[in-house]
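Count along the sequence shown from 1, add 117, and you get the number used in the numbering used here.
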Amino acid sequence: MKIESAKVIVTCPGRNFVTLKITTDQGVYGIGDATLNGRELSVVSYLEDHVIPCLIGKDPRRIEDIWQYLYRGGYWRRGPVTMSAISAVDTALWDIKAKMAGMPLYDLLGGKSREAVMVYGHANGIDLSETVDEVGRYIDMGYRAIRAQSGVPGIKDAYGVGRGKMYYEPADAALPSETVWDTRKYLNFVPKLFDKLRDTYGFDHHLLHDAHHRLTPIEAGSLGHRLEPYQLFWLEDATPAENQEAFKLIRQHTTTPLAVGEIFNTIWDAKDLIQNQLIDYIRTTVVRAGGITHLRRIADFAAIWQVRTGSHGATDLSPVTMGAALHFDVWVPNFGIQEYMRHTPETDAVFPHDYTFDKGFLYPGETPGHGVDIDEVEAAKYPYKPAYLPVARLEDGSMWNW
Ligand code: EZ4
Ligand code: CO
């Protein structure tokens with residue numbers, strides 16, 4: 118059995134997605150997501166110019182060998198462009214193998230460990246009262262877990278308050294838009310938000326919050342401590358994690374659970390955080406951290422230290438990643454939670470899929486493979502449009518972390 122052809126499909130049904138489709142000489146095909154928000158075309162080139170020529174003629178059943186070939190064989194290891202490309206190949210090959218076996222992907226991984234995947238939705242509003250109302254709307258829709266992000270008095274473009282409510286989308290401009298950030302105003306506001314949320318809705322739902330890399334370790338420790346009365350499910354990306362040791366300081370000051378890892382590419386980005394038990398949830402995803410093959414390795418390592426999974430699932434991760442992630446989630450023993458942001462109807466039409474939402478849970482389907490396809494005729498209707506994430510500056514003009 119051989120890989121006969123492979124192609125990259127770029128489409129923009131409201132936002133850009135990059136998809137790899139691998140076809141075998143027996144007619145079976147598989148697809149993988151390669152979308153890297155704001156840097157999409159670099160992965161297109163990496164795949165078309167440097168990966169696809171090496172894949173043609175290889176045996177698609179040898180997933181592990183192909184993974185090692187692209188990782189070790191590339192010499193230049195790791196990084197988001199390389200690892201998103203490897204992820205796309207790996208996801209497509211698992212899709213092919215599961216289709217050949219006639220099994221949903223979760224059966225190939227070892228079968229279901231649970232019946233359903235708990236997801237968290239995104240409530241956001243321009244101010245405290247709108248955000249409180251939005252959380253109520255998510256509770257009414259059946260969500261068990263809700264992330265709350267709010268506009269902050271005195272900060273015009275706080276993270277998490279994008280255009281639109283049903284379909285939050287931060288990559289909004291042909292060149293990066295500039296936002297202004299003020300940590301003092303933010304730290305003053307966030308405990309008030311969660312105080313109001315618990316006061317209004319009680320303690321039966323999981324509440325989450327994303328600090329989106331804005332704080333220093335000691336600021337994060339202080340915020341975590343002040344949020345303890347509100348029993349968050351997690352505080353996400355409290356501080357940048359290039360320096361994994363930075364989380365020691367946060368841990369010394371708070372028992373608020375910590376999550377990190379949506380921008381991580383390999384186990385090496387998370388090794389110290391996990392083995393020193395500096396985090397509670399690892400947020401690596403199928404598309405960013407080397408596909409099913411590598412994500413499984415991270416999860417098994419994390420299980421030793423009682424760190425659970427909480428995969429990234431924003432709208433820039435295509436339905437292909439969502440579908441594959443659900444098969445992974447329903448199998449992985451140390452599952453924690455899955456992020457879920459709805460895609461637009463246009464996106465859902467480009468990527469027909471069989472996963473379903475019911476009462477706060479997502480369910481992978483039963484069709485062989487990961488259950489997500491691409492409609493190439495639909496995809497061709499939406500040509501690529503440059504779109505960047507915003508950047509952030511402090512009030513004095515210094516660059517900060519968006
Ligand atoms: O900013 O996916 O938890 N979710 C997030 C996202 C990220 C985007 C970046 O492409 O932090 O909203
Ligand atoms: Co995040």
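Glycine is no exception: its CB is placed at the ideal position from the N, C-alpha and C atoms.
- Query: Just to confirm, are G482 and D475 a CB contact at a threshold of 8 Å?
  - Reply: As a position in the sequence shown, residue 482 is number 365, starting the count at 1. As a position in the sequence shown, residue 475 is number 358, starting the count at 1. In this structure, D475 does not lie closer than 8 Å to G482 by Cβ.
- State the DSSP-derived secondary structure class of R459, mapped to helix, strand or coil. Within the sequence shown, the letter at position 342 stands for residue 459. The answer is coil: DSSP assigns R459 none of H, G, I, E or B.
- Item | Segments assigned beta strand (DSSP E), at least 3 residues, entirely inside the region 471 to 497 | 473 to 475, 478 to 480
- What whole-angstrom Cβ distance do T141 and I120 have, given they're in contact under 8 Å? On the sequence shown, residue 141 is found 24 positions in, with the first residue counted as 1. On the sequence shown, residue 120 is found 3 positions in, with the first residue counted as 1. At roughly 6 Å, the Cβ-Cβ gap stays under 8 Å, so T141 and I120 are in contact.
- Query: Is L506 near the ligand ZN, with its Cβ less than 7 Å from a heavy atom?
  - Reply: The model on display carries the ligand EZ4 and the ligand CO but not the ligand ZN.
- Message: Taking 7 Å as the cut-off, is the beta-carbon of D312 closer than that to any non-hydrogen atom of the ligand CO?
- Response: For the purposes of this step, residue 312 is taken as residue 195 along the sequence shown, with counting starting at 1. Checking every heavy atom of the ligand CO against the Cβ of D312, none is found closer than 7 Å.
- Output the boundary residues of the alpha helix (DSSP H) element that contains T248. By 1-based counting over the sequence shown, the position of residue 248 is 131. Run containing T248: 245 to 257, per the alpha helix (DSSP H) assignment.
- Residue interval of the beta strand (DSSP E) (run including W351): Looking up residue 351 in the sequence shown gives position 234. Its beta strand (DSSP E) spans residues 351 to 353.
- Could you give the DSSP three-state label for E336: helix, strand or coil? The count along the sequence shown starts at 1 and reaches residue 336 at position 219. Three-state result, E336: helix.
- Task: Assign Y276 to one of three DSSP states: helix, strand, or coil.
- Result: Sequence index remark: in the sequence shown, residue 276 carries index 159 (1-based). Y276: coil per DSSP, three-state reduction.
- Query: Does the distance from the CB of R132 to the CB of E286 come in under 8 Å?
  - Reply: As a first step, residue 132 must be located in the sequence shown, where it is residue number 15. As a first step, residue 286 must be located in the sequence shown, where it is residue number 169. For R132 and E286, yes; Cβs fall inside 8 Å.
- Hey, could you find the ends of the beta strand (DSSP E) V403 is sitting in? Looking up residue 403 in the sequence shown gives position 286. Premise fails: V403 is in no beta strand (DSSP E) and is neither H nor E.
- Taking just the CA atoms, how far does D182 sit from M516? Looking up residue 516 in the sequence shown gives position 399. Looking up residue 182 in the sequence shown gives position 65. Distance between the alpha carbons of M516 and D182 is about 42 Å.
- Can the beta-carbon of G268 be found closer than 8 Å to that of G242? On the sequence shown, residue 268 is found 151 positions in, with the first residue counted as 1. On the sequence shown, residue 242 is found 125 positions in, with the first residue counted as 1. Yes, the Cβ-Cβ distance between G268 and G242 is below 8 Å.
- Are V437 and G190 closer than 8 Å when you measure CB to CB? To locate residue 437, count along the sequence shown from 1; it is residue 320. To locate residue 190, count along the sequence shown from 1; it is residue 73. Result no, Cβ atoms of V437 and G190 do not sit closer than 8 Å.
- Message: Taking the beta carbon of A328 as the centre, do at least 16 other beta carbons fall within 10 Å, making it buried, or is it exposed?
- Response: On the sequence shown, residue 328 is found 211 positions in, with the first residue counted as 1. Its Cβ being crowded by 16 or more others within 10 Å, A328 is buried.
- Item | Option nearest E498 by Cα separation, candidates S122, P130, M118 | Locating residue 498 in the sequence shown gives position 381, counting from the first residue. In the sequence as displayed, the identity of residue 498 is Lys instead of Glu. Nearest C-alpha to K498: P130.
- What are the start and end residues of the beta strand (DSSP E) that includes M235? On the sequence shown, residue 235 is found 118 positions in, with the first residue counted as 1. 234 to 242 is the span of the beta strand (DSSP E), which, as asked, contains M235.
- Residue nearest to A240 in terms of C-alpha spacing, selected from R264, S230, P221: The residue labelled residue 240 in the question sits at position 123 within the sequence shown. With distances taken between Cα atoms, A240 lies closest to R264.
- Taking the alpha carbon of I409 as the point to measure from, which residue in W448, D490, D244 has its own alpha carbon closest? By one-based count along the sequence shown, residue 409 stands at place 292. For the residues W448, D490, D244, the minimum Cα distance to I409 belongs to W448.
- Uninterrupted alpha helix (DSSP H) stretches inside the region 284 to 349 (no shorter than 4 residues): 300 to 318, 334 to 344
- Query: So G407 and T371 are in contact, right, with Cβ under 8 Å, and what is the actual spacing, rounded?
  - Reply: To locate residue 407, count along the sequence shown from 1; it is residue 290. To locate residue 371, count along the sequence shown from 1; it is residue 254. About 31 Å separates the two Cβ atoms, so there is no contact after all.
- Evaluate Q266 with the Cβ neighbour count: other Cβ atoms within 10 Å of its Cβ, from every protein chain shown; 16 or more gives buried, anything less gives exposed. Position 149 of the sequence shown, counted from the first residue, corresponds to residue 266. It is buried - the Cβ of Q266 has at least 16 other Cβ atoms within 10 Å.
- Query: Taking all protein chains shown into account, do 16 or more other C-beta atoms lie within 10 angstroms of the C-beta of F134, making it buried, or fewer, making it exposed?
  - Reply: Working through the sequence shown from its first residue, we reach residue 134 at position 17. Per the 10 Å Cβ criterion, buried.
- Query: From which residue to which residue does the alpha helix (DSSP H) around K216 run?
  - Reply: As a position in the sequence shown, residue 216 is number 99, starting the count at 1. Element bounds for K216: 197 to 218.
- Measuring from the CB of D354, is there a heavy atom of the ligand CO at a distance below 7 Å? Within the sequence shown, the letter at position 237 stands for residue 354. D354: yes, Cβ under 7 Å from the ligand CO.
- Query: Once you ignore the five residues that flank V160 on each side, which residues in its own chain have a CB closer than 6 Å to its CB?
  - Reply: The count along the sequence shown starts at 1 and reaches residue 160 at position 43. Only V135, A151, L153, V198, S201, A202 meet the Cβ criterion.
- Task: Let me know if A355 comes out buried or exposed under the rule of 16 or more other beta-carbons within 10 Å of its beta-carbon.
- Result: Here residue 355 refers to the residue found at position 238 of the sequence shown. Buried, by the Cβ-count rule.
- Message: Are there any heavy atoms of the ligand EZ4 lying less than 7 Å away from the beta-carbon of H429, as far as the coordinates show?
- Response: Locating residue 429 in the sequence shown gives position 312, counting from the first residue. Yes, since a heavy atom of the ligand EZ4 falls inside the 7 Å radius drawn around the Cβ of H429.
- Item | V467 vs E495 beta-carbon contact at 8 Å | The residue labelled residue 467 in the question sits at position 350 within the sequence shown. The residue labelled residue 495 in the question sits at position 378 within the sequence shown. Yes; because the gap between Cβ atoms is below 8 Å, this pair is in contact.
- Query: Can you tell me where the alpha helix (DSSP H) with I148 in it begins and where it stops?
  - Reply: Walking along the sequence shown from the start, residue 148 turns up at place 31. Unbroken run through I148 is the beta strand (DSSP E), 146 to 150; no alpha helix (DSSP H).
- Give the DSSP-derived three-state secondary structure of Y505 in the structure shown. Counting from 1 along the sequence shown, the entry for residue 505 is found at position 388. Y505: strand per DSSP, three-state reduction.
- Message: Here's the rule: buried if 16 or more other CB atoms are within 10 angstroms of the residue's CB, otherwise exposed. What is M283?
- Response: Mapped onto the sequence shown, residue 283 falls at position 166. M283 comes out exposed.
- Query: With 16 as the cutoff for other CB atoms within 10 Å, does F320 come out buried or exposed?
  - Reply: For the purposes of this step, residue 320 is identified with residue 203 of the sequence shown, where counting begins at 1. Per the 10 Å Cβ criterion, exposed.
- Just mark E379 as buried or exposed, buried being the case when its beta carbon has 16 or more other beta carbons within 10 Å. By 1-based counting over the sequence shown, the position of residue 379 is 262. With 16 or more Cβ atoms within 10 Å of its Cβ, E379 is classed as buried.
- Determine which residues share a DSSP beta bridge with R425 and list them. Counting from 1 along the sequence shown, the entry for residue 425 is found at position 308. DSSP output for R425 lists Y398 as bridge partner(s).
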